[in-house]
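Numbering (full-length UniProt numbering), first residue to last: 1 to 276. Reading through the structure tokens given below for one structure.
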């Protein structure tokens, strides 16, 4: 995995999970015919999706698996608050997978791309499935949009330039991962290579129109703060000044006050089942 401080990101990760809950709900509806006895959320973070899994499959034993104990503590607190049953397990991804046992349903969201050899990670996940078990991998989709094209200040099209800078940063991150392997990311084919059948991909919309709820607004502020600090060498001075103004809590055109913030994105889930 990368050397990100996941524990320090707990708040923003939980807010992100809350903002993206609609796509998880839609994806789980695709699995409503299943009657799993054991479910694992691999790379669960603070447990937002894991708690959705527990609510959707109340008869199943659901385990949130993550390499950061602080995030699993948040998952336990969340489950208690929501009144769902959730187990937690500390395990690094993918090195710690072999000790987890098997599951009838494995969910993993935006975790595989943090591993140098993505195909190997999928192979390991597939080996955890019981006969007939299902693997659901969330990777890809569409860039997130939450700002008007013209903010009323700065150059229009800020988010497109941020997307390009983030793509450059992502490519650099992938190249620097230990054992990094260049992969054509046709995920359904990669799941077939891992030995799974019936592989398919489906994309689900997240559409939160303006005005935004407070939690989603706070997540977008945290996202903009990450852009400001992480992309300072990739954006020009004018775009950095625009981000500074967006982050000014006293500015009526900033993220904390402007009424036109929205959230529009799409997440792609790739499914496959173990034929064994």
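Note that the Cβ used here is the ideal one computed from N, Cα and C, for glycine as well.
In the three-state reduction of the DSSP assignment, residue 142 falls in the strand class.
In this model, residue 240 and residue 73 are separated by some 36 Å (Cα to Cα).
Look at residue 80 here: in three-state DSSP terms it is helix. Contact between the region 205–216 and the region 106–122 is not established, with fewer than three Cβ pairs separated by less than 8 Å. Excluding its 5 nearest sequence neighbours in each direction, residue 16 has C-beta neighbours in its own chain below 7 Å: 219, listed in chain order. Note: residue 219 is not bridge-paired with any residue in the DSSP secondary-structure output. Less than 9 Å divides the Cβ of residue 174 from the Cβ of residue 113. Excluding the 5 residues flanking it on each side, residue 253 has same chain C-beta neighbours closer than 8 Å at 151, 152, 153, 245 and 246, in chain order. With a cutoff of 9 Å on beta-carbon distance, residue 97 and residue 125 are scored as near each other. Setting aside the 5 residues that flank it on each side, residue 165 is surrounded in the same chain by 231, 234 and 235, each with a C-beta closer than 7 Å to its C-beta; the list follows chain order. DSSP lists 270 as the bridge partner or partners of residue 201. Distance check between residue 35 and each of 76, 54 and 193 places 54 closest, using alpha-carbon atoms only. Contact check for residue 228 against residue 243 passes: the beta carbons are separated by less than 9 Å. Around residue 215, the same chain offers 15 and 18 as residues with beta carbons nearer than 6 Å, after the five sequence neighbours per side are excluded. Between the C-alpha atoms of residue 43 and residue 109 there is a straight-line separation of about 7 Å.
A contact between stretches requires three or more CB pairs, one per stretch, nearer than 8 Å, and the region 85–95 meets this requirement with the region 59–67. Residue environment: residue 170 is assigned as exposed (fewer than 16 neighbouring CB atoms within 10 Å of its CB, all protein chains considered). Taking each of 263, 145, 176 and 24 in turn and checking the Cα distance to residue 163, the smallest one comes out for 145.
For the 9 Å CB-CB criterion, residue 185 and residue 225 do not form a contact. If you draw a straight line from the Cα of residue 58 to the Cα of residue 83, it is about 11 Å long.
Residue 6: not part of any alpha helix (DSSP H); DSSP gives it neither H nor E.
Each residue's CA atom was taken as its position, placing residue 179 and residue 116 some 5 Å apart. Residue 143 is a Cβ neighbour of residue 265, given a cutoff of 9 Å.
For the pair residue 133 and residue 249, the Cα-to-Cα distance works out to about 48 Å.
Boundaries for residue 191: no beta strand (DSSP E) harbours it, while the alpha helix (DSSP H) harbouring it runs 187–193, taken from the DSSP string. When the Cα atoms are used, residue 187 and residue 251 turn out to be separated by approximately 43 Å.
If you look at residue 242, you'll find it in the alpha helix (DSSP H) that goes 237–246. If you compare the alpha carbons of 75, 105, 80 and 27 with that of residue 61, the shortest gap goes to 105.
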